[in-house]
Structure formats: C-alpha cells, structure tokens
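Numbering-wise (the numbering used here), the sequence shown opens with residue 198 and increments by one.
The beta carbon of each residue, even a glycine, is placed where N, CA and C say it ideally should be.
This structure is a prediction, so every number in the text was calculated from the model and none was measured.
Contents: one structure, followed by commentary.
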Amino acid sequence: MNKQGYSASDIVFLLGAGATVDAGMPTIKDLTQCIRERLPYLKDVNGKKGFEKLFDTLAGIDPDVNNNYERFFEYLQLITRATGDREKHLFTVSLSADLLDRAGHLPYVIGDLVKEIFYELQDLPSQDYLFYLDDFIPAQERLKVFTLNYDLCVENACINKGISLTTGFGDAWQPDLFSIPERGINLYKLHGSLTWITDKNWKIREMPTIQKNRTCEIVLGPGSKLQSDDPFVTLFCEFHKAMQSAKVCVVIGYGYQDTHVNTVFERSKVNIVDVNIKHADILNKTNKQY
198 MNKQGYSASD IVFLLGAGAT VDAGMPTIKD LTQCIRERLP YLKDVNGKKG FEKLFDTLAG
258 IDPDVNNNYE RFFEYLQLIT RATGDREKHL FTVSLSADLL DRAGHLPYVI GDLVKEIFYE
318 LQDLPSQDYL FYLDDFIPAQ ERLKVFTLNY DLCVENACIN KGISLTTGFG DAWQPDLFSI
378 PERGINLYKL HGSLTWITDK NWKIREMPTI QKNRTCEIVL GPGSKLQSDD PFVTLFCEFH
438 KAMQSAKVCV VIGYGYQDTH VNTVFERSKV NIVDVNIKHA DILNKTNKQY
C-alpha cells in the first residue's frame, strides 16, 4: 500500500500494543503474564499481599483473564460496582470475604505495578521498523498517528529518522502545535505516556525523558478509558474528527477491546485497513474493509 493520491487528512494510523512488539514492548498476553508473575509480591497500602489468589480465581471462571489484563480490570470494576452500598442488596458476588477485600484494594496499587514493568522495558534496544511511517507523510503536511500505547517507540523512531514530531506539548499542553505547517507526524497518545507527569498546579506536562521517580499519567483500568479532562478530551476529539474525515485508517496491533475506540469506528465511514487479518471477522461485523 502507498500514499499516492491521498492527502494528509485522507489517511491516518491507529497503533495498538501489537504495533510495538518488534521494539521490545510486550503483547497484551505477555504483559498479563508478567503482571501475574509479580502479583504475589504486590502489597496494598497496609502491606497486605495475596492478590494472585484473586487473579487465579477470576481466571478459573473466565480463561480470557490469563491472556488479557484488561479483562481482569473489567471484573474488578464489576465487583466494585456490585458490592457498593446500594448494589450489594441487588447482586450476589460468590467470592470469599478475603478475595473481595483484595478486589477492593488492588485498583489503588495495580497502576504502579504496570508502570514499573513499562519502565524496565524502555531500556531494551529499539528497532527501526517504525521508520515506514515516513513513507506516508505528505510532502508539506503532517501525518496523523493515533496510539493507545504508553511507550516512546514512535518518538524514538522519529528522532532516529529526523522526522518532525509533536504530541501536543510544548512547555505545557499546546494542542495548536498539531496545526504547525511543517512536514512531520502528529502523535496523539490517547491513553497517556510514560513521560507525562502532573505538576504542582495539577497540569499535565511532558518531560523530555522518563522520570522514574515521578508518577506518570497513563490510563489504566479498572474504570473508563474515556477521560474527562485535558489532554485526553482534546486527543479523543481529534481522533473522532479524523475518523469522520479520513478515507483510510491503517490499524496495526489493535485488539478491538476498547469500547470508546470501537464506537468511533462504527459511527464513521472510514475504510479500515488492518494489517492483522485475524481481526477480519470483527471488521466485517462493523461493515468495514481490511
């Protein structure tokens, strides 16, 4: 496939976890297994362990939990709702009191565990395979690349290739940077980044490098991935607008597990070109092409 005949607004990219596997990043399955391996050592704020028992119990009920940590998060959210002050009178959750206790505490500490794993993976050597994006950048325009990943693979590839790139951050969040008239890539990190931190004024900023001693801003479950503040609101709006105007969306490594992303696809007329033919059945259900 080439970009001949397409303008910058006609073709966009959506990258999921599978798009960065060759750069050393884990698949969803690999990350899930890594999380499970570390759960026995994870402590809640009171120093109590035992989260692996909760994972194994839910995986015994739904084997998909073993391959997708987001499925695990969905059950945590469901348990939290079903055991609320009012909801507990309507629903019965057949888990022991100890497991319910673990389910209540895990959301507060699981994020740090996932971030720790990604921090370690950033030290792996990056591959040059993402250089292909350069072939799709129009001569004097900007290619729109949306990603659900937190890593810096696209940023590093652009630096190595000398490609102009913006994530919408200057000294602060400046979404007008996406409109600069220069050949390059606009990278929209819909779920955050390992280099994003919240400053003392509660504003999200992008650091030049990963700050391992600072909590990064990434969207993890359990809970909605559709955030209600900036930069996330603006980024998602940009995704929605792009899907309404684009002719083709090239999808790489996305598993179609995010409802808010799928809804945008379903309500657009964009043709989806998915490099992973395994998802053809999903695309056909939404009357898309691949």
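Rounded Cβ spacing between residue i and residue j (contact assumed at less than 8 Å)
i	j	result
residue 255	residue 304	Between residue 304 and residue 255 the Cβ distance is about 14 Å, and since that is not below 8 Å, they are no contact.
residue 300	residue 277	7 Å
residue 425	residue 441	At roughly 21 Å, the Cβ-Cβ gap does not stay under 8 Å, so residue 425 and residue 441 are not in contact.
residue 209	residue 343	7 Å
residue 341	residue 383	5 Å
residue 262	residue 252	7 Å
Top-ranked residue by Cα proximity to residue i, from the options
i	options	result
residue 353	306, 343 and 327	327
residue 240	373, 280, 230 and 298	298
residue 315	337, 350 and 285	350
residue 360	339, 280 and 374	339
residue 243	414, 377, 302 and 372	302
residue 292	275, 283, 307 and 308	275
residue 364	283, 404 and 221	404
residue 369	402, 271 and 310	402
residue 434	372, 313, 280 and 221	372
residue 409	238, 395 and 313	313
Residue i - DSSP class collapsed to helix/strand/coil
i	result
residue 352	helix
residue 418	coil
residue 382	strand
residue 217	helix
residue 333	helix
residue 232	helix
residue 469	strand
residue 372	helix
residue 153	The structure shown does not extend to residue 153, since the chain is modelled only from 198 to 487, so the question has no answer here.
residue 389	strand
residue 411	coil
Contact under 9 Å by Cβ, residue i with residue j
i	j	result
residue 416	residue 436	no
residue 444	residue 207	yes
residue 355	residue 330	yes
residue 345	residue 211	yes
residue 348	residue 318	yes
residue 411	residue 310	no
Closer than 9 Å to chain B by CB, residue i
i	result
residue 422	In summary, chain B is missing from the structure at hand, where a single protein chain is found.
Cβ-based burial, residue i [other Cβ within 10 Å; buried from 16]
i	result
residue 478	With a pLDDT of 44 at residue 478, under the threshold of 50, the modelled position of this residue cannot be trusted; read the value that follows with caution. That one is exposed.
residue 393	buried
residue 245	exposed
residue 216	buried
residue 469	buried
residue 288	exposed
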